[in-house]
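One structure is given below, encoded as structure tokens.
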Amino acid sequence: MKTLPLIVLALAAAFQPALASTAEAENFLKQSVDRVVAIAKASPDSLTLEKKITPVLLNVISFDAMTRRAVGPGWRQFTAPEREEAVRLFTKLIIRTYSNRFTPGELPEIDYRSATSPEPGRVEVNTTTTYKGSKYGVVYRLESKEGAPWRITDIVIEGVSMIANYRTQLDTQFKSGGAAAVISSLQKSLAARNP
Amino acid sequence: MIPLKKTIPALAAALVLTPLASAQSRIMVYTTEGFEPVEIRGGKLPKNSDETFYLATQEQTQKPKKAPKPPKEKKSREPKPPKAKPTPKPATTPTIQITKKAAPQPKAPAGDEEFDDLDEYGNIPTVADPIEPVNRGFFWLNHQLYNYIARPVSKAYTTIFPKPVRKAIGNVYNNAEYPVRLTNNLLQGDFKNADLETRKFLLNSTAGVGGIMKVSDRFPSLSNVPSTDTGQTLGKWGVPHGPYVVLPVVGPRTARDTVGFAGDVALNPVTWVGIAVGAPAIALPITTPNSVNTAHTRLEVYDAATKDSIDPYLAARSSYIQYREKNKKPAKPAAP
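Protein sequences, first through last, are from chains A and B. The first sequence maps to residues 57 to 251 in my numbering. The second sequence maps to residues 8 to 343 in my numbering.
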């Protein structure tokens with residue numbers, strides 16, 4: 057029985073990194089969301105919000121991983137300039153999407169419920185977000201590889217993954233015309249929403 | 008010492024040895040009797056490894072076999088056993104076999120040339136869409152209806168009726184749909200939720216004055232009872248989605264959810280009122296205020312799914328299927 061406390065300590069130490077990384081990711085998310093909400097609060101319209109929010113989101117979201125996964129295996133056939141262009145356009149599309157969803161004066165209330173780590177370097181933070189009187193279950197997926205800073209790689213609203221949704225659309229584009237079709241569809245989508 | 012025959016198998020499934028704990032070959036396991044040392048065989052645990060190793064017990068440690076035969080099929084995969092010949096240990100010291108398993112999804116760090124994460128979303132739920140051209144036609148029609156009829160009507164409605172009034176109207180209709188939720192919970196064998204739904208209904212109908220106020224929200228146990236419908240019941244019974252369809256006005260459904268939708272209408276008390284007065288069509292003017300009342304929220308959901316999409320039809324289809332899959336309850340016969 058003398059060894060029991062030592063073993064408990066050893067086991068606790070073994071699980072410590074996982075617990076620490078989960079807390080770290082959750083903290084990162086909270087801070088990021090707070091910054092975004094503060095910017096939204098001070099923005100009179102979605103255009104101003106888009107401008108102000110872009111540098112913040114570039115340090116919060118892994119647009120590289122998002123674009124890659126939204127395209128899927130077809131990404132391997134993209135040339136380096138095509139990859140760069142696809143990431144640039146997809147980044148713009150995502151930022152515009154989220155800027156457009158904010159209505160000035162209406163701010164979300166976020167209740168952080170739980171955070172889990174499905175595997176090392178990955179954390180999922182479950183929240184309940186109240187926006188315009190409706191409650192939504194929102195899951196933020198974050199990743200940190202080999203000590204790199206945490207980044208959001210997907211947002212799942214009521215079970216609907218943003219990346220999975222774009223994957224369905226971009227995969228169809230890729231199958232119909234390869235990388236050129238993907239880039240062209242992203243360009244069209246952005247042009248259609250240009251003010 | 009301790010009867011490990013029953014405790015170890017349970018542990019083997021749960022215990023994952025991380026590299027942190029693998030520096031030493033002596034492993035302690037926690038049993039119902041406390042912590043006990045065990046010996047491992049089947050190889051060493053490498054240092055500084057990111058891979059996951061699972062531990063499995065050797066059943067023969069309790070009943071040593073006549074001649075210890077090394078398992079043939081695993082011979083080539085397993086690392087060399089430690090110097091000493093693996094001899095059966097006394098029944099009191101269990102032996103644990105190390106099995107290396109592939110990590111769930113090893114991912115390449117962002118920026119690497121080898122992109123191992125490209126299949127991340129390879130298994131997103133999909134459904135057959137054999138009548139896609141027809142569906143696209145109805146999708147276009149609905150899009151016009153939503154934009155040119157539902158949206159202006161909803162805007163006028165939200166301007167005229169303040170938020171508390173709209174909320175109260177929504178609460179009354181939601182409360183009246185109790186039989187739909189109760190029946191489906193019972194059909195799914197979910198008696199706990201059936202009980203919670205009943206409590207909610209009784210509380211809101213009485214203290215909430217006919218459901219105008221959602222008093223149940225003040226009770227944590229009643230504030231988040233998951234809603235259910237006939238489509239979910241059919242799913243629980245193992246009925247597959249079937250093909251995807253876009254219904255005029257109603258919107259996206261699968262064949263299963265279309266049948267489920269009919270079931271929900273049949274279970275709705277408003278339908279019963281229509282039948283009771285001999286005019287089923289009366290259900291339409293009764294339900295219309297609710298449709299208008301909820302149009303605002305439903306249009307927001309529709310916009311969220313389609314507004315900034317590349318192909319709104321595909322975006323709506325993917326959102327619908329993902330949403331329904333999220334709310335799906337596992338079918339009765341659990342898949343192996």
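Think of the CB as a built atom: it goes at the ideal place given N, C-alpha and C, for glycine as much as any other residue. As the structure is a prediction and not an experimental result, all values here were calculated from the model.
> Who does residue 170/A pair with in a DSSP beta bridge?
Replying inline: Secondary-structure assignment with DSSP links residue 170/A through a beta bridge to 182/A.
> Going along chain E in order, which residues have a C-beta closer than 8 Å to the C-beta of residue 267/B?
Replying inline: Chain labels in this structure do not include chain E; the protein chains are A and B.
> Which residues, taken in chain order from the stretch 209-230 of chain A, show a beta carbon closer than 8 Å to some beta carbon of chain B?
Replying inline: For the stretch 209-230 of chain A, the set of residues with a beta-carbon nearer than 8 Å to any beta-carbon of chain B comprises 213, 214, 215, 216, 217, 219, 220, 221, 222, 223, 224, 225, 226, 228 and 229, in chain order.
>> What does the alpha-carbon distance come out to for the pair residue 99/A and residue 105/A?
In response: One C-alpha to the other measures close to 5 Å.
>> So residue 333/B contacts chain A; which residues on that side make the cut at Cβ distance below 8 Å?
In response: Within 8 Å Cβ-Cβ: 214, 215 and 216.
> Can you pull the DSSP bridge partners for residue 193/A?
Replying inline: Residue 193/A has 184/A as its beta-bridge partners, per DSSP.
> Hey, quick one: how far does the beta strand (DSSP E) through residue 210/A stretch, first residue to last?
Replying inline: 207-213 is the extent of the beta strand (DSSP E) around residue 210/A.
> Looking only at its own chain, which residues have a Cβ that is under 7 Å from the Cβ of residue 132/B, when we skip the five neighbours before and after it?
Replying inline: Correct list, in chain order: 328, 329 and 332.
> DSSP state of residue 251/B, grouped into three classes?
Replying inline: Correct three-state label for residue 251/B: strand.
>> Relative to the C-alpha of residue 174/B, which candidate in 221/B, 208/B and 190/B has its C-alpha closest?
In response: Answer by Cα proximity: 221/B.
> Who are residue 140/A's beta bridge partners in DSSP?
Replying inline: Residue 140/A pairs with nothing; no bridge assigned.
>> Using only the alpha-carbon positions, how far apart do residue 160/B and residue 299/B sit?
In response: In a straight line, the C-alpha of residue 160/B is about 7 Å away from that of residue 299/B.
> Between 322/B, 144/B and 275/B, which lies nearest to residue 291/B when the distance is taken from Cα to Cα?
Replying inline: Of all alpha-carbon atoms in 322/B, 144/B and 275/B, the one lying nearest the alpha-carbon of residue 291/B is that of 275/B.
> Beta-carbon of residue 81/A versus every beta-carbon of chain B: anything under 8 Å?
Replying inline: With 8 Å as the cut-off, residue 81/A does not count as an interface residue toward chain B.
> Since residue 406/B is in the beta strand (DSSP E), which residue starts that stretch and which ends it?
Replying inline: This structure cannot speak to residue 406/B, because chain B is shown only from 8 to 343.
> Would you say the stretch 175-183 of chain A touches the stretch 119-138 of chain A, given that touching needs at least three Cβ pairs under 8 Å?
Replying inline: Segment contact: the stretch 175-183 of chain A against the stretch 119-138 of chain A, fewer than three CB-CB distances shorter than 8 Å; contact not assigned.
> Within the 8 Å Cβ cut-off, does residue 125/A reach chain B?
Replying inline: Interface flag for residue 125/A against chain B is set, since a Cβ pair is found closer than 8 Å.
> Are the stretch 203-211 of chain B and the stretch 175-185 of chain B in contact at 8 Å, needing three or more beta carbon pairs?
Replying inline: A contact is defined here as three or more CB-CB pairs under 8 Å, and the stretch 203-211 of chain B meets this definition with respect to the stretch 175-185 of chain B.
> For a contact meaning CB atoms closer than 8 Å, what does residue 153/A contact in chain B?
Replying inline: Here the neighbours are 314 and 315.
>> Within the continuous alpha helix (DSSP H) that includes residue 279/B, where are the two ends?
In response: It spans 276-283 - the alpha helix (DSSP H) in which residue 279/B sits, taken as one unbroken run.
>> Run through the DSSP bridge pairs and tell me what residue 240/A is partnered with.
In response: Beta-bridge pairing links residue 240/A to no other residue.
>> Rounded to the nearest angstrom, what separates residue 78/A and residue 124/B at their Cα positions?
In response: Taking the straight line joining both Cα atoms gives about 21 Å.
> Would you say residue 146/B and residue 323/B are within 8 Å of each other, going by their C-beta atoms?
Replying inline: In contact: residue 146/B and residue 323/B (Cβ atoms closer than 8 Å).
>> What does the Cβ neighbour count give for residue 167/B, buried or exposed, with the cut at 16 atoms within 10 Å?
In response: Exposed.
> Taking the DSSP output, what are the residues bridged to residue 216/A?
Replying inline: DSSP output for residue 216/A lists 213/A as bridge partner(s).
>> Is there a Cβ of chain A sitting closer than 8 Å to that of residue 330/B, yes or no?
In response: Under the Cβ distance rule, residue 330/B counts among the residues neighbouring chain A, one pair being separated by less than 8 Å.
> Does the stretch 228-238 of chain A touch the stretch 105-114 of chain A, meaning 3 or more C-beta pairs lie closer than 8 Å?
Replying inline: Counting Cβ pairs under 8 Å, fewer than three are found: no touch.
>> Beta-carbon within less than 7 Å of residue 201/B's beta-carbon, same chain only, minus the 5 sequence neighbours each way: which residues are those?
In response: Around residue 201/B: 189, 192 and 193.
> Within this structure, are the beta carbons of residue 248/B and residue 263/B separated by less than 8 Å?
Replying inline: Closer than 8 Å, so yes.
> By a C-beta neighbour count over all protein chains shown, 10 Å radius and 16 as the cutoff for buried, is residue 302/B buried or exposed?
Replying inline: Burial call: buried.
> So what's residue 138/B in DSSP terms, helix, strand or just coil?
Replying inline: Three-state result, residue 138/B: coil.
>> Here's the rule: buried if 16 or more other CB atoms are within 10 angstroms of the residue's CB, otherwise exposed. What is residue 204/B?
In response: Residue environment analysis places residue 204/B among the buried positions, since at least 16 neighbouring C-beta atoms fall within 10 angstroms of its C-beta.
> Using the beta-carbon of each residue, which ones in chain B are nearer than 9 Å to residue 144/A?
Replying inline: Per Cβ cutoff of 9 Å: no residues; residue 144/A is ~15 Å from chain B at best.
>> Below 8 Å on C-beta distance, what does residue 157/A contact in chain B?
In response: Identification of chain B residues near residue 157/A by a Cβ-Cβ cut-off of 8 Å yields 311, ordered along the chain.
> For residue 170/A, is the classification buried or exposed, using 16 other Cβ atoms within 10 angstroms of its Cβ as the cut-off for buried?
Replying inline: Exposed is the call here.
> Does DSSP put residue 198/A in a helix, in a strand, or in coil?
Replying inline: For residue 198/A, the three-state secondary structure derived from DSSP is strand.
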